[in-house]
Structures are given as structure tokens and as C-alpha cells.
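Undergrad: Structure provided below as C-alpha cells; questions to follow.
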Amino acid sequence: QVAILDFGSQYSHLIARRVREMNVYCELYSCLVTRSILEEHKITGIILSGGPSSVYEEGSPHVEKGVWEMIKEKGIPVLGICYGMQELAFVFGGCVAPGQEREYGKTTMKTTGSCKIFEGLDSEEIMWMSHGDKLHEVPEGFTKCGSTDNAEFVAIQNLEKKMWGLQFHPEVTHSPKGSIVLKNFVIGVCSSPTDWKMKDYAEEFIESVRKQVGDGHVIGAVSGGVDSTVAAVLMNRAIGDRFHAVLVDNGCLRLNESTKVLKRLREDCGINLRCVNASELFLGKLAGVTEPEKKRKIIGGTFIDIFQEEANKIIESSGACDFLLQGTLYPDVIESISYKGPSATIKTHHNVGGLPASMKLKLIEPLRELFKDEVRELGVALGIDEPSVWRHPFPGPGLAIRVLGEVTPDRVKILQEADDILIQELWKFNVYRDIAQAFAVLLPVKSVGVMGDGRTYENVCSIRCVTTTDFMTAEFYRMPYELMESISNRIINEVRGINRVCYDISSKPPATVEWE
Ligand code: XMP
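Below you can see the structure in the form of C-alpha cells.
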């Protein structure tokens, strides 16, 4: 395996993902990992990630002495990225100092000399930088193999020690040939085996969770979305009926959703699933509420109460319930950190870390290291059906934040019908998978129309379809006119209560994906 030593960069998981894309097994370790832990594995190469610290700062993190000794004894190749390169300089006697100015963004790197991990690159390549400190002197035994206008040493190598340092980030897509550099290291230099598959990830998880849980019980909420489905299938394969899945119908799910999820998870996947129909409770509490954040808080709070009750029931019937399964993905982890940070709360995402500490459940998060498309790949490897694997994300508060203004049972029903037609049409036109998220929104305005010979005065619905890779930014989907026409005709003809359909053409930012 390739060991990635994490110095706290926001891209460390992206490095792991790039390595997995080469079908090479890798693991992410703390930068302070000890030799004895690493020695439990056959390490083919080590990557030192970037990080927010400065190497000479007091208290800044450094690789353990024992690990350096192991690297030397076994001749393990090392690649240092950003802070990782500065760590090489710190250890092998180079000189790092704060740059005059921070370098951030795309930069042209000129390659110099012959560099083993730059094979296949041109003499000038765009690479993505994000750093304050820079290298002023190369460490002994290293030579320069790349520079930019702003920095003399952005890439260094020591062929004898099999060590490379890069100031830029090869793992981000903004470095177009970055993955070639990583591949040259991971496969070219380290000769790492390329037989790892997503299915192996499942097997490793199943084995480790069996050890962790012992004969205990695990509870987990499922929504029918791909993340909770994949997590639930994994857990079911690991511990069978000692995994208790709970589906809470808050009355704001898609049309017939709870019936469909019950069939899929209970009948098709054999998951021990209980469904709590709490529609009346949720809709009762939402009556008269129009403020979006208030809706989220009500739904989040009520959900927790119900979930807690279900956990108590499981404890009563099984004697214990110590673990909680969550389908948190890596981007959720990043996003929820930034949501908690000094930046303004834009929206409270209630399903990330939303359960109270008083529940004292130990978290199990099998998907925490994965990105959405990797979860889908894992879903396919687990044999989950295609429509489930490709489902668009659906927010925890559901249709409550898509019925703008007050949420009433009638308005939810109107929206469910419109939304269902939209999704049917997208599959029919074979574009569902080209879109990251598609939904209908019921606006709190009425418009005049004419139907037959009569005047109508009904609701307006807006269709929102976006393309995006990470949901941090999004563009509206360029929808073919015939498809627009078909969606609009069907909604207006088939859904009582809607007489006008609009298409949302805003980007994120400045708009968000959801309307509330
Ligand atoms: P926004 O509207 O923030 O949406 O641009 C980005 C993504 O997040 C989803 N979203 C939520 N998901 N609970 C969730 O589980 C929420 O409260 C929530 N709000 C937005 C949204 O559907 C989109 O995929």
C-alpha cells in the first residue's frame, strides 16, 4: 500500500482518491504515525501531504524519527507535497522561508533537467499552487527539477534516496497533468500493485466493523438516498439483523417514497428496516411556519426525538445499541467544518453530525473517506440497483424547503406530483444521469391562466436542474426545449393546482441550489 501522511491539508483525501483511481491501495495516516504501525503493512511508497503550518514554527508537526529510519533502511520512496516538500527540506538540510507574497492559483512551471516523476510532461506545464513559505535552498543531495517566475525551486528530486518534493498540488484537477506526476511516483517509482478494487474497500470495512462491533447492535437512519443505502447494505453484510435501519417518513418525502424504500431495502436487500410514519407530527409542527431556517430546525429536532425513541425501543428489545451508522461522505465533512467555522451560516445542514451527544452512540462512518462518485462505484460493486445508485441527492428537510412559504399537506401533495413527473421525464429523455440534482419548487405566488373556456388562478412551479461536481458551485442544466415542453405540458395537464411552470437559470453562487 501507499501510505499518505496527513499534515492537515484540505487536499489529503484528494491524494488518496487519486491513488485509488490508479487501482492502488492506500491509507491515510496522521503525520505523527509511528514506525510500528506502518510496519504492519507492506508500504511501497510514502506521500507527505500539504498542511497549514510552517516547518520551523514551534510545535509544527514532523514525521517521527523512527519512520525516517524505516524509510532509510527499507529504501521506501517518498513524495512530499507543499508542506511535505518543506518537511523534506527541514529534515535534510534545505532552507525554507516565508515568500514575499503568497502564491495561490494556476502557475506555469518550467521543468529543468530530467525528473523521473515528470516523464510525459512538457517543458512548461500549468500547476496549481497554494502556499506562503517557499524553498530557498535545496537540501543536500537534491537537485532542482522545476521552477516558476515566483519561486526558484518548485520541484526537487534525490534519485539516490528516491525522494521528490513538489511545491504545487498535483492532486487537484486545476493541475491538468498532476495525475501523470502522481502516477509516475506511485506506479513508476514505487511499483505499487494495481489490483485494488472498490469491492476490496467493502470487504475491508466489513471485516473491521465486525471486529469493532463484536456482538453489539448498530442503529442507522436511512433516507433511500445512495449514501445511506450503500452504508446500510455494507452494515447489513457485516452484522446482519444486528443492524437496525430506521426510515422516518416526515411527510415531506417524494411521492410514495417510503413504500419504495421499504421495498428496496427490506425486500430486495434484506435489511432489518423499520419505518416510522410521522407525517402528521411533522406537518403539524410545520403549520404556520414560513421561515426556512425555522423549518429546518423543526424538522431536525423532531427527527432526533423520533430517532431517540426508536433507539430506546431497540435497546429494550435487544439489550443494547451502542453504535450509530452514518453515511457521511468526505465532502460533507469538509462542508460541515466550514459551516461551523467563522464563515457565515448559509444553511444548517441538519443531517451532518446532527444527533445529540447525550445519545452516547459511537459513530461508524464507512463512507467518510469517499467522494460521491466513489460511493456510486461502491454501490455498483455491492450489486445495488442502478436507479438507486444514480439517485440525485435529496435534502434532509425534504420538500418542506421546496414548498416555499407555509408547508401544508395539500401543497406538499401538489409538489410531490410535479416532482414525480419531472423525474419520470428526465429518465424518459435519458438525461437523468447528466444532471447532478433536479427538483421542482412550489412558489408562494399564484398566476392567471386559461383552461378550456375557463379562467384559472393557480400555483406556479419552478423546475431546478443543476450540473456540478461538488455542489459548492453549480450551473443550471442546459435543458433541451422538447424536454422542457414535455415537462411543462405534463405538469400543467396532470397536476391539479399548477397552471404555470418556470425554469430556474441561476448559478451558484450567487444563488444556492435549493430555494430555501
Ligand atoms: P445549497 O442549497 O446549500 O445546496 O446550495 C447544496 C446541496 O445541499 C443540499 N442541502 C441539504 N441537504 N440538509 C441536507 O441534507 C439540508 O438542510 C440541506 N440544504 C441543502 C442541497 O439539496 C444540495 O444538494
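Residue numbers (the UniProt record's numbering): 19 to 534. Virtual Cβ for every residue (Gly too), placed ideally from N, Cα, C. Please read all numbers here as calculations on a predicted model, not as lab measurements.
1. For residue 109, is the beta carbon positioned less than 7 Å from some heavy atom of the ligand XMP?
2. Any heavy atom of the ligand XMP inside 7 Å of the beta-carbon of residue 489?
3. Determine the contact status of residue 224 and residue 262, defining contact as a CB-CB distance below 8 Å.
4. Can you tell me whether DSSP reads residue 120 as helix, strand or coil?
5. Ends of the alpha helix (DSSP H) at residue 276?
6. Taking just the CA atoms, how far does residue 22 sit from residue 98?
7. Could you tell me whether any non-hydrogen atom of the ligand XMP is closer than 7 Å to the CB of residue 413?
8. Which same chain residues end up closer than 6 Å to residue 498 when comparing Cβ atoms and leaving out the 5 residues on each side of it in sequence?
9. Could you check whether the Cβ of residue 532 sits closer than 7 Å to any heavy atom belonging to the ligand XMP?
10. CA-CA distance, residue 507 and residue 436?
11. Please classify residue 221: is it buried, with 16 or more other beta-carbons within 10 angstroms of its beta-carbon, or exposed?
12. Closest to residue 191 by CA distance: which of 385, 509, 35 and 477 is it?
13. Cβ-heavy atom distance between residue 482 and the ligand XMP below 7 Å?
14. Assuming residue 308 and residue 424 are in contact, meaning their beta carbons sit under 8 Å apart, how far apart are those beta carbons, in whole angstroms?
15. Given 8 Å as the limit, is there contact between the stretch 400-420 and the stretch 453-461, that is, 3 or more CB pairs closer than that?
16. Examine the ligand XMP and report whether any of its heavy atoms sits within less than 7 Å of the Cβ of residue 455.
17. Using 8 Å for Cβ pairs, my map puts residue 500 next to residue 439. What's the rounded Cβ distance?
18. So which of 111, 56 and 297 has the shortest CA-CA distance to residue 87?
19. For the stretch 82-112, which segments carrying the alpha helix (DSSP H) assignment without a break, of at least 4 residues, lie completely within its bounds, in sequence order?
20. Any chance the CB of residue 526 is under 7 Å from a heavy atom of the ligand XMP?
21. Are there any heavy atoms of the ligand XMP lying less than 7 Å away from the beta-carbon of residue 272, as far as the coordinates show?
22. Hey, is residue 394 close to the ligand XMP, as in C-beta under 7 Å from one of its heavy atoms?
23. Where residue 114 and residue 287 are concerned, what is the direct C-alpha to C-alpha distance, given to the nearest angstrom?
24. I need the straight-line Cα distance from residue 334 to residue 390, nearest angstrom please.
25. Going by beta-carbon coordinates alone, are residue 301 and residue 427 separated by less than 8 Å?
26. Out of 124, 150 and 232, which has the shortest C-alpha to C-alpha gap to residue 196?
27. Residue 517 and residue 465: beta carbons closer than 8 Å?
28. State yes or no: is the C-beta of residue 382 within less than 8 Å of the C-beta of residue 342?
29. Starting from residue 31 and walking both ways along the alpha helix (DSSP H), at which residues does that stretch end?
30. So what does DSSP say about residue 502, is it helix, strand or coil?
31. How about residue 574 and residue 24: do their beta carbons lie closer than 8 Å?
32. Where does residue 47 fall in DSSP's three states?
33. Considering only C-alpha positions, which residue in the set 144, 235, 90 and 250 is nearest to residue 176?
34. Jot down the residue ranges of each uninterrupted alpha helix (DSSP H) in the stretch 128-206, minimum 4 residues, whole runs only, in chain order.
35. What span of residues does the alpha helix (DSSP H) with residue 219 cover, start to end?
36. Starting from the C-beta of residue 166, find all residues in its chain whose C-beta is less than 6 Å away, skip the five residues before and the five after it, and write them out in chain order.
TA: With the given structure in hand:
1. Using a cutoff of 7 Å, the CB of residue 109 does not count as near the ligand XMP, since none of the ligand's heavy atoms is closer than that.
2. yes
3. No, these two residues do not count as a Cβ contact at 8 Å.
4. strand
5. 275-279
6. 10 Å
7. Closer than 7 Å to some heavy atom of the ligand XMP: that describes the Cβ of residue 413.
8. none
9. At least one heavy atom of the ligand XMP sits closer than 7 Å to the Cβ of residue 532.
10. 11 Å
11. exposed
12. 35
13. Short note on residue 482: C-beta not closer than 7 Å to any heavy atom of the ligand XMP.
14. 5 Å
15. yes
16. yes
17. Contact flag wrong, Cβ pair sits at about 15 Å.
18. 56
19. Complete alpha helix (DSSP H) runs here, min 4: 83-92 and 101-110.
20. yes
21. No, the beta carbon of residue 272 sits no closer than 7 Å to any heavy atom of the ligand XMP.
22. no
23. Counting only the Cα atoms, residue 287 lies some 55 Å from residue 114.
24. 36 Å
25. A contact, by the Cβ cut-off of 8 Å.
26. 124
27. yes
28. Pairing residue 382 with residue 342 gives a Cβ-Cβ distance under 8 Å.
29. 30-39
30. Residue state, collapsed to three classes: helix.
31. Here the chain has residues from 19 to 534 only, and residue 574 is not among them.
32. strand
33. 90
34. 196-201
35. Residues 216-231.
36. For residue 166, where only same-chain residues beyond five positions count, the Cβ hits under 6 Å are 125, 127 and 172.
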